[in-house]
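Down below is the structure, laid out as structure tokens.
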Amino acid sequence: MNDMVRVVARLIRFDLRRYVLGALFWLPVSVLPLAGGVLLKWIFDRISGGQPVDLSAVWWLCAAFVGAELVRGLTMLIAWAYGVYWWDAAASVLRSNALRSIFTAPGPAADRLPDSSGESLARLRSDVASLVDFADEFIRLAGAVLFTVGALVITVRIDWRISLMLVLPMVAVAVLSTFAARTVKRLHTRAQVGGATVTAYIGEMFSGILTIKTAGAEPHVLARLRQHNATRRRAAVRDRLATDLLDAGTGASVEIGIGLVLLLAASAMRGGAFTVGDLALFTTYVSGLTALPRSIGAMLFQVPQAVVATERLNRLLAASETPTDLVRDTRLWFGDTPVPDARPVTTHDDPLTVLEVCGLTAHHDGGTRGVHDVDLRLERGSITVLTGAVGSGKTTLIRAMLGLVPAHAGTIRWNGRPVADPGTFLVPPRVAYAGQRPRLYSATLRENVLLGWPGDTVDRALHLAALDEDVTAMPEGLETFVGPRGVRLSGGQIQRATAARALVRAPDLLVLDDLSSALDGETEALFWDRVTRAAREGRGPGTLLVASHRREALERADQVVVLDQGRVVGRGRLGDVLRDCDEMRRLWAEELDTTED
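With this note's numbering applied, the sequence shown covers 551 to 1147.
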């Protein structure tokens, strides 16, 4: 609750000028009906007063009433246009800071990301909207308070007993919302999770459409989608039902208050102390006075929703950050002025001489699987190959070393200096990483290779990745659209495009994780020959770290490190390791059998 209050307070202050100006536009929209009620009272009193009617005065009063409503309508239009700007800007601040934390904050992002991309999108969409709506609701509440105070001041002078009936709905709404807050929070959380599950599942369906069709799994996939939708529907219906019941309770209390006002007004009119104009004024104000209890009710059931939204967004932040960091960095550009140049840093003043990994330990999900007490030494210009059976820990070692997953023990030194946060230090142009599950986007091949990096070395990167001839054969060359996840490319082309993405950054250390498994023998030999020769000659990546069991990679290695069940069981030149390590001889024999087949 306290975290939510601090986030909303800072969200309001991030552009206080626009927030206040928007409020100053909205407040007249709420307050001008006070003048309309008074004008109606004067009109009806003049018409029903039993005296000759001054038509000129009546017409002027009617014109004033119409004018007040026109001014209110124009003010509402301006307020709406201005308020949308602040709303979108506030939502952008929350989303950009959440993404900034995921991409740049210390610590592995894998620990903070939800289980699915759909869940992440739901938090950036629905939870952000809940927080901004809650902050925006204060303006409506302020307008309702001003109208209520003004209306009560006017009506109390006419009849304080009738005015008292207008206060009762507010008390009823406050009591009802207090009891319903916990239930609303629980049901809203379930609805958000259900919606994120459906979104993620639909995204996975489209990305795996070829797999689904070739496996003949369409009926089962659709049945699972219907199951997720049914769960989501139940959660959403219950969430909406709780909200609507609370709103219905608010409305019922308001209607009861209106009925009591009319009963008391009828009695007062029979006694002559209450005029037709007074009844017109009260009737006009009754609809406006419903705004305060409704606004209070809306805020009270938005409170648990905002608390849930803050908690869910906070899980995207690094452990060293607090929820208020969601509104920390507001350096965004919303206007027409040119955005400052945001080109990536392509050079650094500390080129790699030696990278040392000492006692690195990383476990999966808090268990014992992973890597244990691993030491590595990578000297500039060297080629190191990590090898081992499936599940031996090669990928875990690489990801822990690069800070992509948490390491539970060990140190990493760059040129003898400890690296406090590998996830933000071992990045281009120091280190570039091409993982074993390449990911391409629905864009051109050029955009997929560069990803915002300057393109002056793209041709050389394509050559080193042995992709240049493939690109030449494509009718549109680098402007070829690769489709979702690179579906228009072959598996080998996807792997080499991922390698080119890493090579174009000219890193000191290039890390490749099983990146030639989909290549034919000739292309694989060409790829490894070009990359390793460039490293040794100082014309490409200065150092290579490769996870592979492929013969073409192992034969070119200066150092082979053999992993078995997360521990180093062999290290040295290929010939020495084959002589001394039983696990390496078994792996080598399997690789030779595969190559011959």
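Positions of the beta carbon are idealized from the N, C-alpha and C atoms, including for glycine.
Within the DSSP bridge table, the entry for L1095 names T934, V1061 as partners.
A984: member of the beta strand (DSSP E) spanning 981-984, first to last residue.
Here D565 has W636, A639, A640, T880 as same chain residues with Cβ atoms under 8 Å from its own Cβ, once five neighbours each way along the sequence are excluded. When C-alpha distances from A573 are compared across L589, V634, A585, A780, the shortest belongs to V634. Sequence-distant partners of T903 (beyond 5 residues in either direction) whose C-beta falls short of 6 Å from its own C-beta, in its chain, are R930, N965. Scanning the stretch 1067-1137 from its first residue to its last, the whole beta strand (DSSP E) runs of 3-plus residues come out as 1093-1097, 1109-1114, 1117-1122. Remark: C-beta atoms of A785 and K591 do not approach each other more closely than 8 Å. In summary, Y569 is buried, with 16 or more beta-carbon neighbours lying within 10 Å of its beta-carbon over all protein chains present.
No Cβ-Cβ contact shorter than 8 Å links R1117 with H958. Taking C-beta atoms as the reference points, P854 and K735 count as a pair closer than 8 Å. When the five nearest sequence neighbours on each side are left out, the beta carbons in the same chain lying within less than 6 Å of the beta carbon of L681 are those of A856, A859, in order along the chain. Taking a 10 Å sphere around the C-beta of H738, we find 16 or more other C-beta atoms and assign the residue as buried.
Per DSSP, the beta bridge partners of A912 are V921. A Cβ-Cβ separation of about 13 Å leaves L905 out of contact with V924 under the 8 Å criterion. For L1039, same chain residues with a beta-carbon under 6 Å away, outside a window of 5 residues either side, are V1032 in chain order.
Inclusion of L976 and G1002 in the CB contact set at 8 Å is not warranted, their separation being larger than that value.
Boundaries of the alpha helix (DSSP H) around R563: 552-563.
Between S651 and L867, the gap from beta carbon to beta carbon is short of 8 Å. In the three-state reduction of the DSSP assignment, A765 falls in the coil class, being assigned neither a helical nor a strand state. At a Cβ-Cβ threshold of 8 Å, V1111 and L928 do not count as neighbours.
The beta carbon of P988 is closer than 6 Å to those of I1044, Q1045, T1048 in its chain, skipping five residues each way along the sequence. Runs of alpha helix (DSSP H) with 4 or more residues, each lying fully within the stretch 600-669, are found at 605-654, listed in chain order. In the DSSP assignment, T698 falls outside any beta strand (DSSP E) and within the unbroken alpha helix (DSSP H) covering 678-708. Rounded to whole angstroms, the gap between the alpha carbons of Q1115 and R1129 is 20 Å. In the DSSP assignment, A950 falls within the unbroken alpha helix (DSSP H) covering 944-951. Rounded to whole angstroms, the separation of the alpha carbons of V588 and S713 is 16 Å. T1048: member of the alpha helix (DSSP H) spanning 1041-1053, first to last residue. Within the same chain, L571, G572, F575 come within 7 Å of Y632 by CB-CB distance, once the 5 residues on both sides are set aside.
Contact fails between the stretch 942-956 and the stretch 1021-1035, because fewer than three Cβ pairs, one in each stretch, are under 8 Å apart. Using a C-beta cut-off of 8 Å, the stretch 654-668 makes contact with the stretch 869-879, since at least three inter-stretch Cβ pairs fall below that distance. Rounded to the nearest angstrom, the gap between the Cα atoms of G766 and G1042 is 26 Å. If you draw a straight line from the Cα of Q1109 to the Cα of D1126, it is about 10 Å long. The stretch 1053-1069 and the stretch 1007-1017 touch, with no fewer than 3 CB-CB distances between them shorter than 8 Å. Per DSSP, the beta bridge partners of I962 are V907.
DSSP places F824 in no alpha helix (DSSP H); its state is neither H nor E. Per DSSP, the continuous alpha helix (DSSP H) segment holding P972 begins and ends at 972-975.
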